[in-house]
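Peer 1: My questions will all concern the structure given below.
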Amino acid sequence: MDKTINQKAWFLVLPVFLVVAFSAVLPLMTVVNYSMQDTFGNNQFFWNGVGWFKELLDPSTDLGGRFLASLGRNLFFSLVILAIEVPLGIVVALSMPREGWTVAACLVILALPLLIPWNVVGTIWQIFGRPDIGLLGYVLNAAGIDYNYVSNDIDAWVTVIVMDVWHWTSLVALLCYAGLKSIPEAYYQAAQIDGASRWAVFKAIQLPKMNRVLLIAVLLRFMDSFMIYTEPFVVTGGGPGNSTTFVSIELVKIALGQFDLGKAAALSLVYNLIILIVCWIFYTVMTNAGVERKVQAESEPAAEPKPAAALKPVPALKPKEGVA
Amino acid sequence: MHSIPGRRLIMGLFLIFLLLPIYWLVNMSFKTNSEIVSTMTLWPHTPTLQHYKRIFTDESWYSGYINSLQYVILNTVISISVALPAAYAFSRYRFLGDKHLFFWLLSNRMAPAAVYALPFFNLYSAIGLFDTPWAVALAHCIFNVPLAVWILEGFVSGVPREIDETAFLDGYSFPRFFIKILVPLIASGIGVAAFFCFMFSWVELLLARTLTSVHAKPIAAIMTRTVSASGMDWGLLAAAGVLTIIPGALVIWFVRNYIASGFALGRV
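These protein sequences, in sequence, are chains E and L.
Numbered according to the UniProt record's numbering, the first sequence spans residues 1 to 324.
Numbered according to the UniProt record's numbering, the second sequence spans residues 1 to 268.
This is the structure we're talking about:
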C-alpha cells in the first residue's frame, strides 16, 4: 500500500512526541549536564569537562575498570543466553501441539513467566535455588554436587543464566510459533511430494519464514539482557564479589548508592550510545528485510497490479479537521 | 511434517521446567515458616493460610497492590490514547522525519531504565509528582508508548484504506471517522496493545521503586524492603509473590491467541 505524503500527519503524532520527549529528552539533558561536572554534595558542582569520559574508558582507573569489567560480563551474558534461548525457542515452537485444547494450554503456560514481575522472578529462583530451602539446591546437594549460588561464582552464573532461560525462552518460542503458523499448508504438501527430508523442510521452508520474527526475537532478547537489572539483583545482588554485576547494576550502585552523579551520568551516556548503535544496526537490517520482502511480493506475477493508487486524491485530513 | 520427532516429550519437559519453580513458590506460600526452615517437604504437610491472611489484612501490604494497579492502569490509558492517532499517521501517511521519529521511538523502547532512574527522580521531584502514581505512570510511558504505537500501527495497516476513503466520501469528519469506524475495527488490536502496556508496566520494578517512597509504593518494592527489614519471612514473601502472578495469569487467557503477534510488534 502506498502512503500519501501529508505533513499534517504531524498533528496526529504530536501527542506521542510530547509524551516521549518529556520522559526521554528532558532527563537525558540532565544526564549530559551532570556528566561534565563533579559534585561534593550540598548541590555544589564543579566543571569537569570530559574528565569522566576519559576515566570511564581507561581500565586502569577505578571507574573505568569497573565499567569495562561489567560491560564484558554483560556482553558475555547476552551472548550465552542468545546461544541457548534462540535454538531452544525454535525447538519448543516446533514441538507445539497442532490443534485442540492443548494448544491454548501450552500458550498460556508458555506466556506465564513473561507476566511475572521481574523481582518476583528473582524471588522464585532464590527460593528454588537455595541449598537449605530450595528444591533445586537441595536436590543438587543431595546428589553430591556442591551447589551454592551465594558463595560460588560459577554457581551464581549458572543460576542467573538458567533463570533467564526460564524467564524469556517462551518469548522466542511464541514468536517462532507465530512465524510457523503463517506458513501455508501447500508448502508442506509440495515438500512431501518432492520427498523432502525433515531437515530440508526446516531449512528450506520453516527457517526462511521465521527469519523476520527471529530477528525481532534476537533484538528484544539482546536489548533486554543487555540492560538486565532486577532479576540478578534480587537473586545474587551482583555477587559473590562482583561476579554477576552487570552494567545496569553497576550504574545504579554508582548513581543511587554512592550518589556520584558525574560518574553515573558519564556511564549512562556511554551505555546509551552502545544501545543506540546496536539498535540502529538491527533497525536497518529489519527495514531492509522488509523492503526485500515487498520487492519479492511485487515481482510475483500473481500479485495484481494496483495502478495509480497513489495518484488518487485522498480527502483524508482536511485542514480544519486535522486535530480536534 | 510440521513438527519434530519426540515433540510431546520436549514440550512436556519444557513445561515442567517452566512450572516447577512456580509450583515451589505456591507450595512455600502455604507452609508455615517453621516447616520451610526445618524440613524439606514436597507439599505442605501443615497447610496454612496465615501468610495470605496477613497480606489481606495488613494495610501496608495490600495498599501495595492498589498502588501498583493505579499506576499500571493510568499508564495503559495514557499510552493507548496518545498512541492511537500516531499509529494511524504512521500507517497511512508519509511526512517529514517519519522514519527518524519511528527509530527514535524504537530506541526509547530499548533504553535501559537504570539510565533514567536518577534523572527521573530529579525531574518528578522538581515538578512535585514524586511519590504519586502519576510519576510512575508517566515514567513507564517511555517504553510503553513506543510499544503501543508499533502494535497499533500493525493493526491499523491491516484495515483496508478503502474504508477510510469511503467514510470521508460519506461526509465523516476525521474525529468522527476515528471514533465511530476505525476504533471498532481495530478493537482487538487495542486490546492487545493495552495488554502489553499493562504487562510491561506491571513487571517493571526499578523505576517504580525509585519514583515512590511512602504513598505510592508498588507491591514489588514492598516485597524487597520487608525482606531486608524483618529477616527472612519466606512464607510471606512467597505468598506475596503468588498474588503478583495472578493478575497476569488472568489477563493472559483473554489474549492467548494474540500474544505472539503483540510481541512481534504487530508484524507477524
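Ideal Cβ placement from N, Cα and C applies to all residues, glycine included.
Determine the chain L residues that contact residue 325/E at a beta-carbon separation under 8 angstroms, and present them in chain order.
Peer 2: Coverage of chain E is limited to positions 1 through 324, which leaves residue 325/E absent and any answer about it impossible.
Peer 1: Would you list, in sequence order, the uninterrupted alpha helix (DSSP H) runs of no fewer than 4 residues that lie entirely inside the stretch 75 to 121 of chain L?
Peer 2: 98 to 110
Peer 1: Assuming contact is defined by CB atoms lying nearer than 8 angstroms, are G133/L and Q50/L in contact in what I supplied?
Peer 2: Checking the displayed sequence, the identity of residue 133/L turns out to be Pro instead of Gly. The answer is no: Cβ separation not under 8 angstroms.
Peer 1: Since F14/L meets chain E, which of its residues come closer than 7 angstroms, beta carbon to beta carbon?
Peer 2: Under the 7 angstroms cutoff, chain E gives V92.
Peer 1: Please state whether the Cβ-Cβ distance between P131/E and N148/E is less than 8 angstroms.
Peer 2: yes
Peer 1: Nearest chain L C-beta to P113/E closer than 8 angstroms, yes or no?
Peer 2: For P113/E, a Cβ of chain L is located within less than 8 angstroms of the residue's own Cβ.
Peer 1: Within 10 angstroms of the Cβ of H215/L, are there 16 or more other Cβ atoms? Answer buried if so, exposed if not.
Peer 2: Exposed, since its Cβ has fewer than 16 Cβ neighbours within 10 Å.
Peer 1: Taking DSSP as the reference, what is the three-state secondary structure of T287/E?
Peer 2: The three-state secondary structure of T287/E, taken from DSSP, is helix.
Peer 1: To the nearest angstrom, report how far apart I22/L and T48/L are at their CA atoms.
Peer 2: 18 angstroms
Peer 1: Please classify V242/L as buried or exposed, where buried requires at least 16 other C-beta atoms within 10 Å of its C-beta.
Peer 2: Residue environment analysis places V242/L among the buried positions, since at least 16 neighbouring C-beta atoms fall within 10 angstroms of its C-beta.
Peer 1: Measuring alpha carbon to alpha carbon, tell me which of L147/L, P119/L, Y62/L and S125/L ends up nearest S213/L.
Peer 2: S125/L
Peer 1: Any residues in the stretch 101 to 121 of chain L with a beta carbon nearer than 9 angstroms to a beta carbon of chain E? Which ones, in chain order?
Peer 2: L101, F102, F103, W104, L105, L106, S107, N108, R109, M110, A111, P112, A113, A114, V115, Y116, A117, L118, P119, F120 and F121
Peer 1: Can you tell me where the alpha helix (DSSP H) holding F226/E begins and where it ends?
Peer 2: L207 to F226
Peer 1: Which residues of the stretch 97 to 127 of chain E have a Cβ closer than 8 angstroms to any Cβ of chain L? Give them in chain order.
Peer 2: P97, R98, A104, C106, L107, V108, I109, L110, A111, L112, P113, L114, L115, I116, P117, W118, N119, V120, T123, I124, W125 and I127
Peer 1: Rounded to whole angstroms, how far is the Cβ of L207/L from the Cβ of A111/L, which I believe are closer than 8 angstroms?
Peer 2: At roughly 11 angstroms, the Cβ-Cβ gap does not stay under 8 angstroms, so L207/L and A111/L are not in contact.
Peer 1: Please list, in chain order, the residues of the stretch 57 to 79 of chain L that have any C-beta partner in chain E closer than 9 angstroms.
Peer 2: S68, I78 and S79
Peer 1: Which chain L residues sit within Cβ distance under 9 angstroms of W168/E?
Peer 2: The contacting residues do not exist; W168/E stays about 11 angstroms from chain L at best.
Peer 1: In whole angstroms, what is the alpha-carbon distance linking V32/E and T57/L?
Peer 2: It is roughly 46 angstroms from the alpha-carbon of V32/E to the alpha-carbon of T57/L.
Peer 1: Run the CB neighbour count on N144/L, radius 10 Å, all protein chains shown included, and call it buried at 16 or more, exposed below.
Peer 2: N144/L sits buried, since 16 or more C-beta atoms from the chains shown fall within 10 Å of its C-beta.
Peer 1: Quick check: W61/L and R54/L, are their CB atoms within less than 8 angstroms of each other?
Peer 2: yes
Peer 1: Under the rule that 16 or more other beta-carbon atoms within 10 Å means buried, what is S81/L, buried or exposed?
Peer 2: exposed
Peer 1: If L94/E sits next to R7/L, beta carbons under 8 angstroms apart, how far is it from one beta carbon to the other, in whole angstroms?
Peer 2: 7 angstroms
Peer 1: How is the beta strand (DSSP E) around F45/E delimited, first residue to last?
Peer 2: Element bounds for F45/E: F45 to W47.
Peer 1: So with Cβ pairs under 8 angstroms, would you call A24/E a contact of chain L?
Peer 2: Interface residue, yes.
Peer 1: For W234/L, which residues of its own chain have a beta-carbon under 7 angstroms away from its beta-carbon, when the five flanking residues on both sides are left out?
Peer 2: Only M28, N33 and I36 meet the Cβ criterion.
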